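Here is the structure we will look at, set down as structure tokens.
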Amino acid sequence: MSAETSVPRPRESDVDISDSALFKGMLSEAEFAFAFFDGDGRVQRVNDVFSDVVNVPADRMLGRQPVEVLAADLSQIITHAVQAVIESDAPVTEGRVRVRSSEGDTRHWSLSFSPVHDEAGELRAIALVGLDVTESRQTEEALRRSEERYRSLVEAQSQLVWITSPTGAVVEDAPQWRAITGQGLEEYLANGWLEVVHPEERPQTEEAWREALRGRTMFEWNYRVRTRASGYRHFEVRAVPIIRHGRVVEWVGANTDVTPQREAEEMRGRLTDQLGAAALRTARLQGATAQLAEALTVEQVVQVIIDVGRTALAADRSAVALLDPDRAALKLINGEGVPEASGVAGEEIPLSSSSVMTMAVNSRRPMFAESPESLKAQLLEAGGEEEILANYLINSDERAWVGLPLLAAGRALGALRFSFTRPQKISQEDGVFLEALAGQCALAVERATLFEREHRTAETLQRSLLPDRLPVVKGLVLAQRFRSGSRHVQVGGDWYDAFVLQDGRVAAVVGDVMGKGVKAAAGMGRIRNAMRALALTNPPPAAVLTGLDRVFEATEEEEQVTTLAYMVVEPVTGEGTLALAGHPPPVLVSPQGTAILCDGEPGTPLGWPTSRRQFRFVVPPGHTAVLYSDGLVENRKRGLDAGLAEICSVVTEAPPEVVSSPHMLLDFLVDRMLSGYEQDDDVTALAIHVPPATKSD
Numbered sequence: 024m025s026a027e028t029s030v031p032r033p034r035e036s037d038v039d040i041s042d043s044a045l046f047k048g049m050l051s052e053a054e055f056a057f058a059f060f061d062g063d064g065r066v067q068r069v070n071d072v073f074s075d076v077v078n079v080p081a082d083r084m085l086g087r088q089p090v091e092v093l094a095a096d097l098s099q100i101i102t103h104a105v106q107a108v109i110e111s112d113a114p115v116t117e118g119r120v121r122v123r124s125s126e127g128d129t130r131h132w133s134l135s136f137s138p139v140h141d142e143a144g145e146l147r148a149i150a151l152v153g154l155d156v157t158e159s160r161q162t163e164e165a166l167r168r169s170e171e172r173y174r175s176l177v178e179a180q181s182q183l184v185w186i187t188s189p190t191g192a193v194v195e196d197a198p199q200w201r202a203i204t205g206q207g208l209e210e211y212l213a214n215g216w217l218e219v220v221h222p223e224e225r226p227q228t229e230e231a232w233r234e235a236l237r238g239r240t241m242f243e244w245n246y247r248v249r250t251r252a253s254g255y256r257h258f259e260v261r262a263v264p265i266i267r268h269g270r271v272v273e274w275v276g277a278n279t280d281v282t283p284q285r286e287a288e289e290m291r292g293r294l295t296d297q298l299g300a301a302a303l304r305t306a307r308l309q310g311a312t313a314q315l316a317e318a319l320t321v322e323q324v325v326q327v328i329i330d331v332g333r334t335a336l337a338a339d340r341s342a343v344a345l346l347d348p349d350r351a352a353l354k355l356i357n358g359e360g361v362p363e364a365s366g367v368a369g370e371e372i373p374l375s376s377s378s379v380m381t382m383a384v385n386s387r388r389p390m391f392a393e394s395p396e397s398l399k400a401q402l403l404e405a406g407g408e409e410e411i412l413a414n415y416l417i418n419s420d421e422r423a424w425v426g427l428p429l430l431a432a433g434r435a436l437g438a439l440r441f442s443f444t445r446p447q448k449i450s451q452e453d454g455v456f457l458e459a460l461a462g463q464c465a466l467a468v469e470r471a472t473l474f475e476r477e478h479r480t481a482e483t484l485q486r487s488l489l490p491d492r493l494p495v496v497k498g499l500v501l502a503q504r505f506r507s508g509s510r511h512v513q514v515g516g517d518w519y520d521a522f523v524l525q526d527g528r529v530a531a532v533v534g535d536v537m538g539k540g541v542k543a544a545a546g547m548g549r550i551r552n553a554m555r556a557l558a559l560t561n562p563p564p565a566a567v568l569t570g571l572d573r574v575f576e577a578t579e580e581e582e583q584v585t586t587l588a589y590m591v592v593e594p595v596t597g598e599g600t601l602a603l604a605g606h607p608p609p610v611l612v613s614p615q616g617t618a619i620l621c622d623g624e625p626g627t628p629l630g631w632p633t634s635r636r637q638f639r640f641v642v643p644p645g646h647t648a649v650l651y652s653d654g655l656v657e658n659r660k661r662g663l664d665a666g667l668a669e670i671c672s673v674v675t676e677a678p679p680e681v682v683s684s685p686h687m688l689l690d691f692l693v694d695r696m697l698s699g700y701e702q703d704d705d706v707t708a709l710a711i712h713v714p715p716a717t718k719s720d
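For the record, in the sequence shown the residue sitting at position 218 is 241 according to my numbering, with numbers rising by one throughout.
So this is what it looks like as structure tokens:
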């Protein structure tokens with residue numbers, strides 16, 4: 024805001040206000056906005072700051088009502104406040120007033136209105152004092168966004184976060200913890216967390232916690248917790264003191280459910296004790312475990328189970344079914360079926376029916392039938408119909424059966440079925456092996472189910488950090504493509520953005536925060552938000568990149584490599600400027616299908632000491648500029664230089680109708696550039712197309 028004091032000196036009013044040199048100096052030099060109004064609400068005196076705030080010269084305001092010279096919303100606020108002071112003879116404060124400055128940006132002001140009395144106590148004027156609170160407002164907004172991001176990311180993780188007072192007393196609710204333990208809020212706040220720790224481990228846990236409180240040291244422990252279902256699950260806990268000015272202000276901790284890992288460890292220990300002499304079975308189990316560990320989805324786990332049944336057990340047929348507890352039924356996953364229950368793949372087998380798999384699930388124990396007679400006897404005892412069983416045994420070549428429940432922490436997930444076309448003797452060692460195999464399969468199924476759910480959550484999180492839609496601008500067509508390259512439950516750091524600047528030009532950017540996971544996504548969100556703020560304030564690319572360097576140094580770690588390509592383009596004409604921060608150069612595609620790589624200075628990644636430069640980059644009518652991440656042109660088998668040459672070659676192969684459509688062009692480029700390669704990185708592309716001029720234009 025201008026501090027220029029050469030504005031003509033305000034007229035003297037008939038209001039009795041001191042006109043000393045000290046008072047005049049205060050009005051002209053203060054950083055606050057001052058204004059005085061008479062009893063009729065007319066402006067009597069203002070300082071330069073107030074004149075700059077309302078963007079109206081002082082001499083135009085003097086002697087007039089605010090409604091005559093100020094913007095409607097601002098004049099209404101001031102008029103009402105002045106009237107309120109006159110009626111109540113008491114100060115009035117307007118905490119938040121938004122005003123657009125002469126530079127075009129929005130500023131926030133806090134306005135205070137106070138009565139001014141003469142020596143006789145009569146109201147002679149109303150004084151307005153304004154304070155620019157834009158920075159504090161922006162700080163509050165940044166803190167709010169940071170808290171929202173932190174809360175969302177914590178809720179998306181599997182850890183249970185909790186907070187206590189400096190003395191260790193629980194002072195805040197932990198809904199995730201109570202959902203697992205079934206505790207009420209009052210019970211949890213009354214030291215309820217300790218009440219659900221296993222009685223055998225409770226004294227040691229409490230003493231370790233007290234010792235950490237006394238020593239103000241990190242608390243690391245593990246214990247079993249009683250769940251809502253009255254079973255116990257294993258948790259690891261880590262808590263740290265938050266120290267401020269030498270004093271502990273609170274403790275923040277996180278509990279992680281490690282039951283699957285503990286069960287796997289216990290299972291491996293039992294196998295070591297029971298299968299010491301069964302080297303072959305142990306090798307087979309290890310092979311199955313390794314295969315299951317590599318299986319990410321339920322479909323992959325099922326395929327591994329079928330393969331293990333054929334190789335390790337020499338089973339002739341295998342079947343996998345998962346439990347739907349709401350429907351009290353097993354749903355068959357693979358196609359070999361359950362003949363004795365007349366089930367086929369995709370169908371459901373009610374738990375009330377009699378079959379090898381339902382018996383295993385209902386009893387929570389393995390079911391072995393070494394002969395048709397044994398199978399018939401067991402199924403009849405379970406309520407099976409003799410006529411159906413006799414018909415099945417006559418027409419089936421199966422002669423031995425194994426049913427295994429899939430259990431995780433005592434909870435049934437489904438069942439396995441292996442059958443043999445010859446009688447099969449199931450020894451005690453075989454039973455141990457099969458039980459261990461079922462345990463590993465259950466853990467794999469549970470992990471795969473969790474993966475599929477969290478993978479969808481991760482993809483949703485990453486896409487939520489990207490724009491919902493691109494702006495629609497006359498004289499410009501924008502298109503984008505994003506394809507996740509992560510096979511694991513991790514979000515990436517690729518991003519794009521496009522938005523309209525105040526002067527009508529369009530800003531377009533594609534960036535890449537190296538790495539995967541929440542850290543990369545959080546860094547991406549910070550840089551994207553900072554870039555928007557900088558671009559809307561001072562849009563030239565070189566200025567934006569210089570500002571981002573400062574933001575990066577203040578908020579990001581040195582090893583966090585971040586690159587981006589940022590351009591500002593004029594709709595219709597395609598005139599623009601571009602700056603690169605260690606990012607691959609844009610490709611300019613002509614209407615004839617030729618491709619030219621931008622030869623501008625590549626620059627260095629954000630945060631590296633450099634003098635940022637921008638250069639002219641024109642997208643002539645009919646042409647398309649493509650910004651992209653390195654995942655489009657670079658992978659394990661193709662270097663960057665080869666990828667840049669290949670993308671230019673691919674453009675020449677595009678049909679005319681593809682070249683003229685930015686949406687079709689991006690689909691064509693992504694499909695062709697990834698064809699024949701395993702995608703191991705996110706792919707992001709943003710097209711800026713300037714339509715050719717028409718006669719109507």
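Glycine included, every Cβ here is placed at the ideal spot set by N, Cα and C. Computed from a predicted model, the values in this text were never measured in an experiment.
- Inclusion of Arg119 and Asp155 in the CB contact set at 8 Å is not warranted, their separation being larger than that value.
- Nearest to Gln314 by alpha-carbon distance, out of Arg285, Glu322 and Val327, is Val327.
- Cβ neighbours of Val194 within its own chain (closer than 6 Å, five residues either side excluded): Ser188.
- Between the C-alpha atoms of Glu142 and Ser124 there is a straight-line separation of about 38 Å.
- Not a single unbroken stretch of the beta strand (DSSP E) spanning 3 or more residues falls wholly within the stretch 538-587.
- In this structure, the CA atom of Ala197 is about 7 Å from the CA atom of Val184.
- Between the stretch 393-408 and the stretch 237-252, the count of C-beta pairs closer than 8 Å stays below three; the two stretches do not touch.
- For Asn385, the uninterrupted alpha helix (DSSP H) segment begins and ends at Val379 to Ser386.
- Contact check for Gln637 against Leu601 passes: the beta carbons are separated by less than 8 Å.
- In the three-state reduction of the DSSP assignment, Ala413 falls in the helix class, which pools H, G and I.
- DSSP links His131 through a beta bridge to Arg121.
- Excluding five sequence positions before and after Ser386, the CB atoms of its chain that fall closer than 8 Å to its own CB belong to Pro428, given in chain order.
- Secondary-structure assignment with DSSP links Gln503 through a beta bridge to Leu709.
- Residue pairing by DSSP places Lys354 opposite Leu345 and Glu371 in a beta bridge.
- If only complete runs of 4 or more residues are kept, the stretch 214-290 shows the alpha helix (DSSP H) at 215-218 and 225-238, in order along the chain.
- Between Pro632 and Thr585, the C-beta spacing is not below 8 Å.
- In this structure, DSSP gives His140 an extended state, which the three-state scheme calls strand.
- Counting other Cβ atoms within 10 Å of its Cβ, Glu408 stays below 16 and is therefore classed as exposed.
- A Cβ-Cβ separation of about 5 Å places Ala352 in contact with Pro373 under the 8 Å criterion.
- A residue is called buried once 16 or more other Cβ atoms fall within 10 Å of its Cβ, and Met241, having fewer, is exposed.
- Look at Asn78 here: in three-state DSSP terms it is coil, with no helix or strand label.
- Residue range Val321 to Thr334 is occupied by the alpha helix (DSSP H) that includes Gly332.
- In terms of Cα proximity to Phe59, the closest of Glu126, Ala95 and Ser135 is Ser135.
- Residue Leu692 holds the alpha-carbon nearest to the alpha-carbon of Cys671 among His221, Arg225 and Leu692.
- The beta carbon of Thr228 sits closer than 8 Å to the beta carbons of Leu217, Val220, Trp244 and Tyr246 from its chain, once the five residues preceding and following it are set aside; these are given in chain order.
- Contact annotation: the stretch 336-346 touches the stretch 430-442, with at least three C-beta pairs closer than 8 Å.
- In the three-state DSSP reduction, Leu93 falls in the coil class, being neither helix nor strand.
- In the three-state DSSP reduction, Ser188 falls in the coil class, being neither helix nor strand.
- With contacts defined by Cβ atoms closer than 8 Å, Val69 and Ala81 form a contacting pair.
- Inter-residue distance for Glu322 and Gln309 is about 20 Å (C-alpha atoms, whole angstroms).
- Our two residues, Pro563 and Phe505, have alpha carbons roughly 26 Å apart in a direct line.
- Cβ contact annotation for Leu663 (same chain, cutoff 8 Å, sequence separation greater than five): Pro607, Asp653, Val656 and Glu657, in chain order.
- For the pair of segments examined, the stretch 642-651 was found to touch the stretch 613-620: the number of CB pairs separated by less than 8 Å reaches three.
- Look at the beta carbons and you see the stretch 485-499 not touching the stretch 453-466: under three pairs across the two are nearer than 8 Å.
- Beta bridge pairing from DSSP links Asn418 with no other residue.
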